[in-house]
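Residue numbers (our numbering): 2 to 51.
Next up, the structure:
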């Protein structure tokens with residue numbers, strides 16, 4: 002959460018994604034949200050290359 006507040010949402014999403022693996026039943030929704038943030042960042046980087 003602290004990483005997301007500091008404008009590093011992709012790093013925060015990756016940390017959350019990896020830590021959610023331990024708590025699979027509770028972290029599934031969070032893992033989906035974190036993956037959406039990572040995918041949006043990848044798409045933004047791809048579109049900015051053109």
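Backbone N, C-alpha and C define an ideal beta-carbon position, used for all residues, glycine too.
Annotated as proximal: residue 14 and residue 38, with beta-carbon spacing under 7 Å. Its Cα nearest to that of residue 32, the residue 19 stands out among 42, 43 and 19. Nearest Cα to residue 10 within the set 49, 50, 40 and 47: 40.
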